[in-house]
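Trainee:
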Amino acid sequence: MLVAVPKEIRDGELRVALVPDIINKLTRLGLDVAIESGAGLGAQANDDAYKAAGAQIVSGDVLKSADVVLSVTALTPAQIATLKKGAITISFLSIVNQRESVEAAVKAGVTAFSLELVPRISRAQSMDALTSQALCAGYRAALVGAELSPRFFPMLMTAAGTVTPAQVLVLGAGVAGLQAIATARRLGAVVSAYDVRPSSADEVKSMGATFIELELESLEGAGGYAREMTEERAAKQRELLTPYIAKSHVVITTAAVPGRTAPRLMTAAMIDAMQEGTVIVDLAAETGGNAEGSKPGEIITTAKGVRIWGGKDVPSQLSFHASSLYSRNVVNLLTLLTKPSVEGSQLAFDINFDDEIIDGSAVTHAGVDRKAGK
Amino acid sequence: MLVAVPKEIRDGELRVALVPDIINKLTRLGLDVAIESGAGLGAQANDDAYKAAGAQIVSGDVLKSADVVLSVTALTPAQIATLKKGAITISFLSIVNQRESVEAAVKAGVTAFSLELVPRISRAQSMDALTSQALCAGYRAALVGAELSPRFFPMLMTAAGTVTPAQVLVLGAGVAGLQAIATARRLGAVVSAYDVRPSSADEVKSMGATFIELELESLEGAGGYAREMTEERAAKQRELLTPYIAKSHVVITTAAVPGRTAPRLMTAAMIDAMQEGTVIVDLAAETGGNAEGSKPGEIITTAKGVRIWGGKDVPSQLSFHASSLYSRNVVNLLTLLTKPSVEGSQLAFDINFDDEIIDGSAVTHAGVDRKAGK
Amino acid sequence: MELTAIAVISIFTLSIFVGFEVVSKVSSTLHTPLMSGANAIHGVILVGAIIVCSHASTTLELSLSIAAIILATINMIGGFVVTDRMLEMFKGKKGAEK
Amino acid sequence: MELTAIAVISIFTLSIFVGFEVVSKVSSTLHTPLMSGANAIHGVILVGAIIVCSHASTTLELSLSIAAIILATINMIGGFVVTDRMLEMFKGKKGAEK
Amino acid sequence: MSDFVYDLIGLAAGVLFILALKGLSHPRTARRGNLLGALGAGIATVVVFFHGEIENLGWILGAIAVGTIIGVPAARRVQMTQMPQLVALFNGVGGGAAALVAIVEYLNLGDKATTAVVIFTVFTVVVGCVSFSGSIVTFLKLQELMTTRPVVFPGGRFVIAATLAAVLGSSAWVVIELGTTPLLVVAGLSLAFGILFVLPVGGADVPIVISLLNAFTGLTVAASGYVLNSTLLIIAGTLVGASGTILTRMMAEAMGRSLFGTLFGAFTAKPQDTSGAVEDRPVRSGSADDVAILLNYARRVVIVPGFGLAVAQAQHTVRELADLMISKGIDVAYGIHPVAGRMPGHMNVLLAEANIPYDQLVEMEEVNPTFGQTDVAIVIGANDVVNPAAQTSPGCPIYGMPILEVSNAANVIFLKRSMRPGFAGIENELLYDPKTMLLFGDAKASLTKVVSALKAL
Amino acid sequence: MSDFVYDLIGLAAGVLFILALKGLSHPRTARRGNLLGALGAGIATVVVFFHGEIENLGWILGAIAVGTIIGVPAARRVQMTQMPQLVALFNGVGGGAAALVAIVEYLNLGDKATTAVVIFTVFTVVVGCVSFSGSIVTFLKLQELMTTRPVVFPGGRFVIAATLAAVLGSSAWVVIELGTTPLLVVAGLSLAFGILFVLPVGGADVPIVISLLNAFTGLTVAASGYVLNSTLLIIAGTLVGASGTILTRMMAEAMGRSLFGTLFGAFTAKPQDTSGAVEDRPVRSGSADDVAILLNYARRVVIVPGFGLAVAQAQHTVRELADLMISKGIDVAYGIHPVAGRMPGHMNVLLAEANIPYDQLVEMEEVNPTFGQTDVAIVIGANDVVNPAAQTSPGCPIYGMPILEVSNAANVIFLKRSMRPGFAGIENELLYDPKTMLLFGDAKASLTKVVSALKAL
Ligand SMILES: NC(=O)c1ccc[n+]([C@@H]2O[C@H](COP(=O)([O-])OP(=O)(O)OC[C@H]3O[C@@H](n4cnc5c(N)ncnc54)[C@H](OP(=O)(O)O)[C@@H]3O)[C@@H](O)[C@H]2O)c1
Ligand SMILES: NC(=O)c1ccc[n+]([C@@H]2O[C@H](COP(=O)([O-])OP(=O)(O)OC[C@H]3O[C@@H](n4cnc5c(N)ncnc54)[C@H](OP(=O)(O)O)[C@@H]3O)[C@@H](O)[C@H]2O)c1
Ligand SMILES: NC(=O)c1ccc[n+]([C@@H]2O[C@H](COP(=O)([O-])OP(=O)(O)OC[C@H]3O[C@@H](n4cnc5c(N)ncnc54)[C@H](O)[C@@H]3O)[C@@H](O)[C@H]2O)c1
Ligand SMILES: NC(=O)c1ccc[n+]([C@@H]2O[C@H](COP(=O)([O-])OP(=O)(O)OC[C@H]3O[C@@H](n4cnc5c(N)ncnc54)[C@H](O)[C@@H]3O)[C@@H](O)[C@H]2O)c1
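Protein chains in written order, with full-length UniProt numbering: chain X, 1 to 374; chain H, 1 to 374; chain E, 1 to 98; chain D, 1 to 98; chain Y, 1 to 457; chain U, 1 to 457.
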């Protein structure tokens, strides 16, 4: 059985789906591993390291003969077309935005797993790549905020006067938001946060930050995710948040609702009301942006001197650890798909849809779009 | 008496020598303040803010009629030529590298104070701009290290495996180095540091980092600064530091000896021996670089995948607070030059060379180069 | 020699103070062993039982006092032994410094 | 009634225990007031002085015992007063809870 | 041996008893204290044979032998869990012995019978009998030979009050009439009262009652001392009476019970609300002192932090505890579950804030095999990550998640505020495990108490 | 009044004394304890007039009046700093009184003179006289009416030993011969011995000796109690003797002195090395307990951290202390000097690590005006930043630097390891200020002790 890892082709993607030091987990299972030459370069893993870890290095196409393909971004329809029938792909795969890839997988008879759909149950946490990548993004977001701000984060009392600590506001306290809180607090900022989920107040406090209580109903959906809100509530929320935003030096936004465009938390008017030199770090820029005017991968400076950093491929910026965590998620999911190999017997895959995780994350199987209409 | 603040003309300089909220200290002394229009834009201080603080905004030349000129970088010979005889300038001014400005000041009969020469005595700490700017640089250095590294700084034990903490090495534990240590530690890195001064071991430990003890003689010069070392000792030091450097993920170098080019702490060979993805943050790049190959204002990636960030105008990157601290240093020095004004009498300057600070920092006075031959 | 009333009262009063003071701060883990130890101590009623037995003249007195001796002995010896067993957990202690 | 020897010894022994126990943990700031308070307490020798004075037959005895009364009174009353003054710092205490 | 020397030796035995109680109040000296007590008792017993005429020596020695043969094996063989009932039994026989001594002395009294002596004798009989029968009932309850729940019957309180009145009345009768029959009536009524007194006491209050009866027995011994003119008995009895009273109060406080409620439960005759009412199944909840002692005598402790630690922001306090243990030579590690808390690396952020050295943090896979050699696992505000249901209950939301196997440690301590479950919302069987001790309360407050208690040891 | 009632009241007074000592051992109850003691003494004194025949009533009342007139104003007027010598004086007169009582009793003895009574009488005379003359000498020393340094003369130890031998010899003579003259010889020799005993004791040891003499006086009172057949005096005297002995040991420990050295200094007759030898000028060094008490009774405390706090990495411990004080209702602030530490913002980094809320950190300019309302400024590992030389000594390296004006606080506590100066290398006069207390040791260790002590209060 051959597990193949192609080079990521999306622009700016530095991660790799398998890092060298986890390959032994697969070979111990009896799997062969083939890596496209140079696939790990963005993540400090050169071909030699892979070779040393027991993988074979393939220049050019690794997909043709693969039984399993591991990647970070979804394979393109063209890539999928080259796969064997019955092959398995594991990657991020949006059933909303990447329809072509889904359809290609149906056509090719490929079993495509999407890490986005791994259910948020305790047992699946080790396969939850959304979480592991959000962790990287949250950490980066706080660093970016500190880096772009013309102010110190910590308080410092010096002979040349006292530096007051930066006020950091985190909107959306999910995995990324909590990590951003933690990182900003570590740097010494005074951090407050807001989220729509009721349980997040305790979570924010458990990070040592202040939770902003707004007099609004809370929104909790399935699996610990948020629900989308009505435009009326959104407007009310923006209004109530405005004073908190106005006094912040750095605002980090991470709000998301699965499968939807990101909620608009800050309008251009709110941003104009902010102090000069303020920084907005919008982690949701790729899905529409929490802040009006944010552009993924760009830093926009408004007329009033506010800078909006739009996140793009944020985990890639921490390529080493993001890849390392992602690899483990992928390998754990792959392991779940293998039958515990009986002594001597050939390793086989066992795609058992009774398992909640497999059922949840398998997008296509045997020519069927299992998530059609969802 | 008029205190003037021109716009900084050096490229990349975002700081301003006087921020709005300290102007009242000068006006209370009876001084008038004139700001060149737009001088504070890099540091989030627009003309309106200055006006509100009681300064007058001058478009174009502010120097002509000024009794005192405050700036961050030294005035150019051309600027100095326009000054009144007997005018006072306060700025950074290197008596080694900025000879033309010194000579122009002698010619113009200007009294030029250099903040670089403020002696390191307790009373002068509030005027010590080297320290306040080094503070900003040290903080930035650690942030840059975290930002450029493809690794997390903190340790994180997650469902997708454990992220081990980054190993950060700080070479030169002066003001900037200590602040870099503090910031890296706050982010969760494991920090060790080395310096040549004997007292630095305790100082490093007092920041919670590990001090690297090398079996080398220590070098302490006057005023708490280091002395220059012989090439033999430098080679020995490099050799002994090599293993520590090799296992680090981020190396921050801040070593400096006043008035000299920065000591070379890492050769190209040592850098090549480092792991891929390692980051070197060289704060001394502008004065020759502690790391071989560092270029101020650039990020050099070596063939082996090590990135060297060369600092340039680093405090400018924290323009708001750097300016704010600098302003206070300058105002404190200026205050020292004024005679405590007797009720009703006109404010006068009193340049009393019996005062150690004034004597130490005045480079030129009444047509004499006071530091000639130093 | 008989004890005078005031002597008895003084001894009684002082003993109360001593009793209060010595156990005034006991961690709850020691409550049971302490109770058990105190319980064993009141087994010294054995001394009284022996005295009355040694003066017993009638069979009734003798048999009652023999019963008293048996009971008191059980109380005393059994009590100390069981207390010691309870305290076994404190045996292997390393010298907790201070 | 005279106290028997064993009563005296018992009372003495028990008092020693009480004395040890009650002061076994005193913070050093209280050392001096405690010493001073104890000092005042031994001023009850005044009682003894009064007794001997009330039986004094010769002038010598009388004058010695009057001297004893004066000294004992100074010891007792002065002692309590000075102790109270030492303890003034503990007066304005806010109810340190617990 | 002269009376004086005899009394002096008796006094020495009394001093040994004082030292015994003193020693028993502190873990480090407890064993020695008990031995000193035994020494005192031994001396007192031996010396009595050398003082005055001893008749019936054979009978006496025989009786002592019988008592020893009964008492020692019972004490030796009893299981740890059954010790309390044995103590109750021993206390009861002590009370019985005191009552018997008083009766015999009474029979023997003759002309020595001053009113004071008679009063003390009757007191001894009454209290000794109450202690005897009461202790037997507590023994039966603890041994589960009868129901452990409060036994209440209609009109019970009137029966009890009437019995008490009868005891007092017949005692007065004895003092006035000086007859053997009245004394036996007193004895009988007292036995009945002892039973009635203890019957309405429910489960958790039983140890408190034992302690109280123990103090009572002490007082009877002191009274016997007066009657028998023995300084030793006066001192020993009073000591036990006084320390027993204090101890009873402390026990009631430590268990959060009202002493008054326990004692007069008999008269109010309503069933006590026992802790069983709150939770159906019993859990073992301890005090900060108990936790401290467990920790103090451990060689290896693993701290398991969870979301509750973060909520309580107790990271600095937990470090304090760990440092304290380390300074006592205890091997301390933190067992970090990968999903403890609510964010990946939550525990790391938290513990790093308290500057806990990275090398004390041990990953789940590494720490799990070491629980077998761990004396105490202290679980602070964690729940799901140690819930064995993940391994044993297919179908539950956490099934299949690897957990920290704290149940392999010799003792498990949970610091949490209530019996509420964690994130996954499922019950944790481990909370009901016999080797688990719960310390309820906010994690920070609890840890602070444990630190103080540990420092005081 | 019957003997029994009289004795009973005496016993009650004894109980009051016990409660007094108990109360005096704890800051919160100390005042009440003292009052209970006074109450006991009052009762005991009053009741003696109602028991038995009282002759010479006028003389007695007159003498009491005289004693009161002398004692009360002395006690009232004395300055705080002179209290120790007053206690010494009071103790001395108490000893003198006991000796006088014994002498009179001896003159009166007649046929009651059993050997035991005589021995106790002589004991009282000896110890009472030693206590009297010894206390007078300590008084003179403390009042600086004579040198405070140990007085040693060649051959001194032989003189002392000889005097002691003479005291013992003449005592034996009294016991055997029963004469007034021998007793007066004993008294004289004892007075001499008392002087000789105390002369070689140096400065810091004097309070220890006072405490010891106090315990001695207690024992004489107990002995008088035996002679006068008074339970009260036995109990009171023994109590003082026992508690005084313990107290003496504790004082010696707290001051780091050897009790043995202090006591037998007289015999070894070499000058004690006093703390004065290490430093020329005296400093007031205290214990963690002292610091804790000062803090406990403060309303406002300002913590001044410096480089030493960072070196000791005591940031978590200082937070613990602050939290504890806040929980006791004390107003706590950190006064941050702009150049404390070795890096701008050093203290901020440090204190942020311990998660100390930013609003507790107060800048120098803001905190300086508040020192006047501050009860305690606790300077932890800082030195230059509070050194008044910056304001008072032109020419010194820190002259002109603004400082934290902790000397305006009512009390200043320094936590440092030694008398060594800080970064600037100059002496700090504030260390020698009378309102300064020094707690030597590593800042973290010291703070840990203070926290424990404060918790225990
Ligand atoms: N790490 C992640 O990335 C992540 C993300 C989302 C969800 N999760 C889930 O979160 C759970 C983590 O497990 P866990 O054991 O850390 O937490 P947990 O199972 O939620 O248990 C926390 C326990 O702490 C107690 N507690 C709360 N506040 C307290 C306080 N102030 N003082 C003392 N105790 C307090 C609660 O009991 P009382 O109420 O009785 O006090 C509760 O039982 C797992 O189920 C995991 O799947 C993890
Ligand atoms: N902040 C800055 O930017 C900066 C930079 C360079 C220099 N400075 C200078 O540094 C000084 C700072 O003043 P400061 O008051 O913070 O420090 P300091 O004057 O240097 O005093 C520190 C004190 O801490 C004590 N200490 C050291 N280690 C200790 C430990 N482990 N436990 C307890 N005490 C300990 C030392 O006394 P023992 O040895 O007796 O214990 C010392 O007296 C100023 O003179 C300032 O000018 C400041
Ligand atoms: N049990 C598990 O296995 C597990 C694993 C990981 C995460 N979780 C839970 O799921 C939660 C969400 O995870 P996520 O970070 O991946 O979510 P996400 O990335 O989908 O959303 C980020 C956050 O934005 C918030 N948000 C949405 N709309 C908002 C609005 N209008 N205003 C403000 N905030 C808004 C959401 O509540 C969420 O907290 C986590 O907080 C965690 O508790 C559970
Ligand atoms: N008393 C005061 O007022 C005052 C004020 C500020 C700083 N200081 C002292 O001065 C010291 C130096 O200050 P700075 O940061 O401005 O110095 P700097 O910028 O000149 O040098 C930075 C550091 O590099 C170190 N260094 C030089 N050569 C080195 C080599 N070959 N290898 C390793 N390290 C080398 C120096 O020792 C110094 O610590 C500070 O640490 C501080 O203690 C004193």
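Don't be surprised by glycine CBs; every beta carbon is placed ideally from N, CA and C.
Is it right to say Gln373 (chain Y) is buried, meaning 16 or more other beta carbons lie within 10 angstroms of its own, or is it exposed?
Mentor: The residue is exposed, with fewer than 16 neighbouring Cβ atoms inside 10 Å.
Trainee: Per DSSP, which one or two residues make a beta bridge with Phe211 (chain H)?
Mentor: Looking at the DSSP assignment, Phe211 (chain H) forms a beta bridge with H:Ala193.
Trainee: Quick one: is the Cβ of Arg197 (chain X) within less than 7 Å of any heavy atom of ligand 3?
Mentor: Yes.
Trainee: Count the CB pairs spanning the region 154-164 of chain X and the region 258-273 of chain X that are closer than 8 Å, and state whether there are at least three.
Mentor: No, they do not touch.
Trainee: Does the distance from the CB of Gly208 (chain X) to the CB of Val175 (chain X) come in under 8 Å?
Mentor: Not closer than 8 Å, so no.
Trainee: Checking 8 Å against the spacing of the C-beta atoms, do Leu34 (chain E) and Val26 (chain E) come in under that value?
Mentor: Yes, Cβ-Cβ distance for Leu34 (chain E) and Val26 (chain E) is below 8 Å.
Trainee: Using a Cβ-Cβ cut-off of less than 8 Å, give me the residues of the region 205-226 of chain H that come near chain U, in sequence order.
Mentor: So the list reads Lys205, Ser206, Met207 and Gly208, given in the order they occur along the chain.
Trainee: Taking only beta-carbon atoms, is Ser211 (chain Y) less than 8 Å away from chain E?
Mentor: Yes, Ser211 (chain Y) counts as interfacial toward chain E.
Trainee: With distances taken between CB atoms, is the gap from Ser63 (chain D) to Ala242 (chain U) smaller than 8 Å?
Mentor: No, these two residues do not count as a Cβ contact at 8 Å.
Trainee: Kindly identify the DSSP beta-bridge partner or partners of Gly310 (chain H).
Mentor: According to DSSP, Gly310 (chain H) bridges with H:Asp282.
Trainee: In the region 27-43 of chain Y, which residues sit with their C-beta less than 8 Å from some C-beta in chain E, listed in chain order?
Mentor: Residues Pro27, Arg28, Ala30, Arg31, Gly33, Asn34, Leu35, Gly37, Ala38, Gly40 and Ala41.
Trainee: For Ala361 (chain U), go through chain X and note every residue whose CB falls closer than 8 Å to its CB, in chain order.
Mentor: The sequence as given places Leu at residue 361 (chain U); Ala does not occur at that position. The contacting residues are Met155 and Met157.
Trainee: Would Val190 (chain X) count as contacting chain U if we go by Cβ distances under 8 Å?
Mentor: So, interface residue.
Trainee: Round the Cβ separation of Ala41 (chain U) and Ile70 (chain D) to the nearest angstrom and send it over; I've been treating them as touching at under 8 Å.
Mentor: Actually they are not in contact, since the Cβ atoms of Ala41 (chain U) and Ile70 (chain D) sit about 16 Å apart, beyond 8 Å.
Trainee: Return no unless some Cβ of chain E is closer than 8 Å to the Cβ of Ser65 (chain D).
Mentor: Taking Cβ atoms only, chain E never reaches closer than 8 Å to Ser65 (chain D), which makes this a no.
Trainee: Helix, strand or coil: how does DSSP classify Ala314 (chain Y) here?
Mentor: In this structure, Ala314 (chain Y) counts as coil in the three-state DSSP scheme.
Trainee: Tell me whether Thr131 (chain X), by its Cβ, gets closer than 7 Å to a heavy atom of ligand 5.
Mentor: Within the structure as shown, ligand 5 is missing, the only ligands being ligand 1, ligand 2, ligand 3 and ligand 4.
Trainee: Hey, is Glu21 (chain D)'s beta-carbon within less than 8 Å of any beta-carbon in chain E?
Mentor: For Glu21 (chain D), the answer is yes, since a Cβ of chain E falls inside 8 Å of its Cβ.
Trainee: Among the residues of its own chain, which have a CB less than 6 Å from the CB of Val281 (chain H), if the five just before and after it don't count?
Mentor: Cβ within range, chain order: Ala141, Val144, Gly145, Ile252 and Trp309.
Trainee: Is it the case that the CB of Leu171 (chain H) approaches a heavy atom of ligand 3 more closely than 7 Å?
Mentor: No.
Trainee: Consult DSSP for Val376 (chain U) and reduce its assignment to one of helix, strand or coil.
Mentor: Strand.
Trainee: Please specify which runs of the beta strand (DSSP E), each continuous and at least 3 residues long, are wholly inside the region 54-138 of chain X, giving them in chain order.
Mentor: Those beta strand (DSSP E) runs which fall completely within the region 54-138 of chain X and span 3+ residues are 56-58, 68-70, 88-91 and 111-114.
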